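The listed protein sequences correspond, in order, to chains A and B. Per the working numbering: the first sequence = residues 1 to 106. Per the working numbering: the second sequence = residues 107 to 318. All residues carry an ideal CB built from backbone N, CA and C; glycine is no exception. Computed from a predicted model, the values in this text were never measured in an experiment. Encoded as structure tokens, the structure appears first; notes follow it.
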Amino acid sequence: MNAQNEPNDETNYDTMSVAEFEQWLPELFAVGGGKVSEDPRFARFLAANPDCAALVRDLESIAETAKSLFDPPAGGESGGMEPSDKIWSNIASKLQAGDGSEDEDK
Amino acid sequence: MQSKPNPGFFKRNPPIAGEAEAIERAKNGDPDAFSVLYALHKRRVYTLCLRMLGNVSEAEDMTQEAFLHLFRKLGSFRGESAFSTWLHRLTVNLVLMHLRKKGLQLVSLEETINPSEEDAPKRDFGSRDPQLTGSVDRVTLERAVASLPPGYRMVFVLHDVEGFEHNEIAAMLECSTGNSKSQLHKARLKLRELLQQPEKLPPLPGLKEAIQ
Numbered sequence: 001m002n003a004q005n006e007p008n009d010e011t012n013y014d015t016m017s018v019a020e021f022e023q024w025l026p027e028l029f030a031v032g033g034g035k036v037s038e039d040p041r042f043a044r045f046l047a048a049n050p051d052c053a054a055l056v057r058d059l060e061s062i063a064e065t066a067k068s069l070f071d072p073p074a075g076g077e078s079g080g081m082e083p084s085d086k087i088w089s090n091i092a093s094k095l096q097a098g099d100g101s102e103d104e105d106k
Numbered sequence: 107m108q109s110k111p112n113p114g115f116f117k118r119n120p121p122i123a124g125e126a127e128a129i130e131r132a133k134n135g136d137p138d139a140f141s142v143l144y145a146l147h148k149r150r151v152y153t154l155c156l157r158m159l160g161n162v163s164e165a166e167d168m169t170q171e172a173f174l175h176l177f178r179k180l181g182s183f184r185g186e187s188a189f190s191t192w193l194h195r196l197t198v199n200l201v202l203m204h205l206r207k208k209g210l211q212l213v214s215l216e217e218t219i220n221p222s223e224e225d226a227p228k229r230d231f232g233s234r235d236p237q238l239t240g241s242v243d244r245v246t247l248e249r250a251v252a253s254l255p256p257g258y259r260m261v262f263v264l265h266d267v268e269g270f271e272h273n274e275i276a277a278m279l280e281c282s283t284g285n286s287k288s289q290l291h292k293a294r295l296k297l298r299e300l301l302q303q304p305e306k307l308p309p310l311p312g313l314k315e316a317i318q
């Protein structure tokens, strides 16, 4: 059976096929705030399809951990996460020379 | 006078102590205050550039450009969003402009930076595929993100790390929101694949080495 292009108000998520789930997953993540595993509409389907449930769990775990990357670790943890000192020296000398505005089309 | 900020903007990027005062002083031309802003935001801006560009030298150049641009534009910051959100959007736009100048067309993600078949995540939904064991740690994820094809990496970093919405990403990358959603999903699938064999990821004594 070909999957529908998009789920709609009539969609019965309990009986959707794995192919439909696969096709709709990017949208389901986007509209559900990224928490497909906690959405009661998909509970029965995920309970009946453990591989799909595992996939959802993994993708949610990746997205959750990604939030922690926003703040780069301090120096020691993985090193190399801050620009070298010469960058500030360059900026300061350009500002001092009053040519900060000349970098627009560099 | 600053307009009243929307509290929702600060969910991900809460104001940093001393930041508001430094912004106001820097707006009035205090050079020490600008150095405070640089110190507060240099790592985040640099890391954003590094993740988007995958190259230390270019990331440093763009960090420099971003702060010089910030210096020129600071007067237009009205506090309607978190300062870091505003600064990061400014940085993303500069990096994208840089990439366009370099000839990497981002006009159509689908046609240009869409990874090749070989780079795309391999999905076979009918069969059992390996699952991740346990939670994902941030250092391993950082290594995996650095290994993503550029098109996937861009959308993943903008959405999942930086917290931009699909409509914002679509506007920045000049693609459809559907394309942004689809690229993000493929990026996460690819990351899952990469994280199943973390020993094959490039070593990460520092992010610099990992993505060069």
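Query                                                                                                                                                                                                     : Result
Would you give the residue range spanned by the alpha helix (DSSP H) that P256(B) belongs to?                                                                                                             : P256 to F262
For L146(B), I'd like the list of residues in its chain whose CB is within less than 8 Å of its CB, leaving aside the five on either flank, ordered along the chain.                                      : I122, G124, E125 and A128
Compare the C-alpha of R249(B) against each of M81(A), I87(A) and A97(A) and name the closest.                                                                                                            : M81(A)
For the region 46-60 of chain A against the region 136-155 of chain B, do three or more pairs of beta-carbon atoms, one drawn from each stretch, fall closer than 8 Å, so that the two count as touching? : no
Closest to E305(B) by CA distance: which of E268(B), L247(B) and A172(B) is it?                                                                                                                           : L247(B)
DSSP three-state call for E54(B): helix, strand or coil?                                                                                                                                                  : Past the boundaries of the shown model lies residue 54(B); chain B is included only from 107 to 318, so the question cannot be answered.
Could one say the Cβ of H147(B) lies closer than 8 Å to chain A's Cβ atoms, at least one of them?                                                                                                         : no
What are the uninterrupted segments assigned as alpha helix (DSSP H) that are 4 or more residues long and contained completely in the region 146-217 of chain B, given in chain order?                    : 162-179 and 189-208
Beta-carbon within less than 8 Å of N199(B)'s beta-carbon, same chain only, minus the 5 sequence neighbours each way: which residues are those?                                                           : M278
Could you tell me the distance, in whole angstroms, from the CA atom of L95(A) to the CA atom of G32(A)?                                                                                                  : 46 Å
Got a sec: is the Cβ-Cβ distance from T197(B) to anything in chain A below 8 Å?                                                                                                                           : no
What's the C-alpha gap between E268(B) and D71(A)?                                                                                                                                                        : 10 Å
With distance defined between alpha-carbon atoms, name the residue in L154(B), L180(B), E186(B) and L176(B) nearest to P83(A).                                                                            : L154(B)
For the region 157-174 of chain B, which residues have a CB atom closer than 9 Å to at least one CB atom of chain A, in sequence order?                                                                   : R157, V162, A165, E166, D167, T169, Q170, E171, F173 and L174
The alpha helix (DSSP H) that contains S37(A), what's its start and end?                                                                                                                                  : Premise fails: S37(A) is in no alpha helix (DSSP H) and is neither H nor E.
Please name the residue, chosen from R259(B), E280(B), V263(B) and K287(B), that lies closest to H272(B) on a Cα-to-Cα basis.                                                                             : K287(B)
Taking the C-alpha atoms as reference points, what is the distance between S187(B) and R195(B)?                                                                                                           : 11 Å
Can you tell me whether G232(B) is buried or exposed, with buried defined as 16 or more other CB within 10 angstroms of its CB?                                                                           : Here G232(B) scores only 48 on pLDDT, less than 50, and its place in the model is too uncertain to base an answer on.
So with CB distances below 8 Å, who are the chain A contacts of L303(B)?                                                                                                                                  : Note that residue 303(B) is Gln in the sequence shown here, rather than Leu. The premise fails here: Q303(B) is roughly 14 Å from chain A at the closest Cβ pair, so nothing lies under 8 Å.
Should the region 202-211 of chain B be regarded as contacting the region 20-34 of chain A, the criterion being three or more beta carbon pairs within less than 8 Å?                                     : no
Compare the beta carbon distance of L290(B) and V251(B) with 8 Å and say whether it is the shorter of the two.                                                                                            : no
Rounded C-beta distance between I91(A) and F173(B)? I'm assuming under 8 Å.                                                                                                                               : 5 Å
Buried or exposed, going by whether 16 or more other CB atoms sit within 10 Å of the CB of R184(B)?                                                                                                       : exposed
What's the call for D266(B), buried or exposed, on a 16-neighbour Cβ count within 10 Å?                                                                                                                   : buried
Determine, using beta carbons only, whether V151(B) and L193(B) come nearer to each other than 8 Å.                                                                                                       : yes
State the Cα-Cα distance for the pair L176(B) and P227(B), rounded to the nearest angstrom.                                                                                                               : 38 Å
Mind pulling the chain B residues with CB within less than 8 Å of A63(A)?                                                                                                                                 : D266 and R294
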